[in-house]
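Right, one structure below, let's go through it.
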Amino acid sequence: MKKNVLLFIVLMFGLNINAQNSNENLPEYYWTDLVTSQPEGYDVDESGNIHIYTAEALAWVSVLSNGLHGNEVEDFEGLTITLEEDIDLSGAKWSPIGGMEVMSEVYPFRGTFNGNNKVINNVILTNASGNNHSNGFFRLLEGAHVCDVIMKDAYYEGNIMDGGFFAYSCENSKISRCLVEC
Numbered sequence: 128m129k130k131n132v133l134l135f136i137v138l139m140f141g142l143n144i145n146a147q148n149s150n151e152n153l154p155e156y157y158w159t160d161l162v163t164s165q166p167e168g169y170d171v172d173e174s175g176n177i178h179i180y181t182a183e184a185l186a187w188v189s190v191l192s193n194g195l196h197g198n199e200v201e202d203f204e205g206l207t208i209t210l211e212e213d214i215d216l217s218g219a220k221w222s223p224i225g226g227m228e229v230m231s232e233v234y235p236f237r238g239t240f241n242g243n244n245k246v247i248n249n250v251i252l253t254n255a256s257g258n259n260h261s262n263g264f265f266r267l268l269e270g271a272h273v274c275d276v277i278m279k280d281a282y283y284e285g286n287i288m289d290g291g292f293f294a295y296s297c298e299n300s301k302i303s304r305c306l307v308e309c
């Protein structure tokens, strides 16, 4: 029972802090700064579902969910995003999927994110700008399903309102079989 409670706390409140990085060693850029067009490794099948093979492709999900670089906001409702390979995100800081406020509208992630038991390594989450937005790998889930995600060796820096895995979840979202390892 204690292990399940601890896992819940780690997923909800981002207590998975990797102390091997210090603020001065963090990358300067965010993945969403580096990925400005659809990269290789972001494959859409005949049903419209997305298969992710690279870090750049995973960053493209964040770009689309937040309407960056001239793209319309995509909430992925009715679609499944599946990780097909382990992903290493150590090259840049992570911008959360979903929940960006665009012209007074908030756009949550509403799809299915299937981690496929693949590992997302070295996520770097910061709130260095000091904005009032809570951060996590996902910012806002609404009617979403996130399953079978394994996150390892994450670096997290923020305030008490931030979350390591996700910041907010509402409206019948389901999180299942997700794990954050220190």
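In the numbering used here, the protein residues as written are 128 to 309.
The C-beta atom is built at its ideal place from N, Cα and C for all residues, glycine as well.
query, result
"When DSSP builds the beta bridges, which residues end up paired with residue 236?", "268"
"What is the C-beta distance between residue 205 and residue 184, in whole angstroms, given that I count them as a contact (C-beta under 8 Å)?", "Not quite, the Cβ-Cβ distance comes to about 20 Å (not below 8 Å), so this is no contact."
"Where residue 182 and residue 212 are concerned, what is the direct C-alpha to C-alpha distance, given to the nearest angstrom?", "9 Å"
"Can residue 236 and residue 265 be called in contact, C-beta distance under 8 Å?", "yes"
"For the segment 176-215, list the alpha helix (DSSP H) runs that are entirely contained and at least 4 residues long, ordered along the chain.", "182-192"
"What does the alpha-carbon distance come out to for the pair residue 301 and residue 193?", "21 Å"
"Please name the residue or residues paired with residue 279 in a DSSP beta bridge.", "248, 308"
"Buried or exposed: which applies to residue 269, given that a residue is buried once 16 or more other Cβ atoms fall within 10 Å of its Cβ?", "buried"
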